[in-house]
Amino acid sequence: MAQSRDDFQRANALSPNYARAHADMAVSYANTLRFGWSDTPDETGRIGLFHAERALAIDDRLPVVYFAQGMILLYLNRHDEALAATRIALEIDPNYADSQAQFAFVLNYMGHPAEGLEAMRRAIRLNPLHDFNYRWVLGQSYFYLDLYREAAAAFEDVIQRNPEAIAGHLMLAATYALLGRIDDAQWSAAEILTLQPGFTLREARARTPYRNPRDLDRYIDALAKAGL
Numbered sequence: 000m001a002q003s004r005d006d007f008q009r010a011n012a013l014s015p016n017y018a019r020a021h022a023d024m025a026v027s028y029a030n031t032l033r034f035g036w037s038d039t040p041d042e043t044g045r046i047g048l049f050h051a052e053r054a055l056a057i058d059d060r061l062p063v064v065y066f067a068q069g070m071i072l073l074y075l076n077r078h079d080e081a082l083a084a085t086r087i088a089l090e091i092d093p094n095y096a097d098s099q100a101q102f103a104f105v106l107n108y109m110g111h112p113a114e115g116l117e118a119m120r121r122a123i124r125l126n127p128l129h130d131f132n133y134r135w136v137l138g139q140s141y142f143y144l145d146l147y148r149e150a151a152a153a154f155e156d157v158i159q160r161n162p163e164a165i166a167g168h169l170m171l172a173a174t175y176a177l178l179g180r181i182d183d184a185q186w187s188a189a190e191i192l193t194l195q196p197g198f199t200l201r202e203a204r205a206r207t208p209y210r211n212p213r214d215l216d217r218y219i220d221a222l223a224k225a226g227l
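Everything in the sequence shown is counted per numbering that gives the first Met the number 0, starting at 0 for the first residue and increasing by one.
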């Protein structure tokens, strides 16, 4: 991400009115928030939104800008604004698969997993060669619909596609715990602590943007049941 920002800054220096360079700069900050790579998330979000606004001032019909805005706003717990930004991206380009996936992602965090599942299935139809992130959002929808077997299968696929995806291990541990597969849950917990030795439930709670406290409690309680 740091290297990408250097490149985007050079692109901006060469062509100050190149909206996509500002947009992708915003995406880099959105990813930093999503994957928990910032110790100052409010500042990271502020900078990301600044670059999104710079891009929009040049071209307000670039869907990736609204994609970045939506992700940043979600992790700043500005859920309604995140959903609105994602809707704009889809109004501009209904076939933008990543925004369909993000629409599902935001809906899940807002407590609407049934709608999230519908959006996620649309995203998968649009992009059948999707990466592990799609499977994670799909599993998240299943998890909050109490479809734990389906959720476990999705998160197992996440880990197969990307063994170092800590978010996949976390949701898999929580899902196994709620299925009563405690040995498997504890194994997943051990994998998490190998990948991130300093992991704590307090940090997970602070970085997870569920609007409904009960949804967050279900996730955190399941991780505790897994032994974290």
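Where a beta carbon is used, it is the ideal one built from N, C-alpha and C, also for glycine.
Because the structure is a prediction, the values reported are computed rather than measured.
- DSSP, read as helix, strand or coil, puts Ala-184 in helix.
- Around the beta-carbon of Arg-134, 16 or more other beta-carbon atoms lie within 10 Å, marking it buried.
- For the pair Gly-47 and Ile-71, the CB atoms are nearer than the 7 Å cut-off.
- Rounded to whole angstroms, the separation of the alpha carbons of Phe-154 and Leu-171 is 6 Å.
- Here Asn-161 is near Phe-131, since their CB atoms are less than 7 Å apart.
- Here the stretch 38-54 makes contact with the stretch 19-30; the two share three or more CB pairs at distances below 8 Å.
- By the C-beta density criterion, Pro-208 is buried, having at least 16 other C-beta atoms within 10 angstroms.
- Secondary structure note for Leu-177: its alpha helix (DSSP H) is the uninterrupted segment 165-178.
- Leu-75 is not a Cβ neighbour of Ala-18, given a cutoff of 7 Å.
- Residue state for Asn-132 is assigned as helix, using DSSP reduced to three classes.
- In the DSSP assignment, Asn-126 falls outside any alpha helix (DSSP H), carrying neither H nor E.
- Leaving aside the five residues that flank Ala-151 on each side, the residues in its chain whose CB is nearer than 6 Å to its CB run, in chain order, Thr-174.
- Secondary structure note for Met-70: its alpha helix (DSSP H) is the uninterrupted segment 62-74.
- Here Asp-145 is exposed, its C-beta having fewer than 16 other C-beta atoms within 10 Å.
- According to the DSSP assignment, Pro-40 belongs to the alpha helix (DSSP H) that extends over 40-57.
- In the DSSP assignment, Thr-85 falls within the unbroken alpha helix (DSSP H) covering 78-91.
- The beta carbon of Asp-41 lies closer than 6 Å to none in the same chain, with the five residues before and after it left out.
- Contact check for Ala-100 and Ala-122: beta-carbon distance about 4 Å, within the 8 Å limit, so the pair qualifies.
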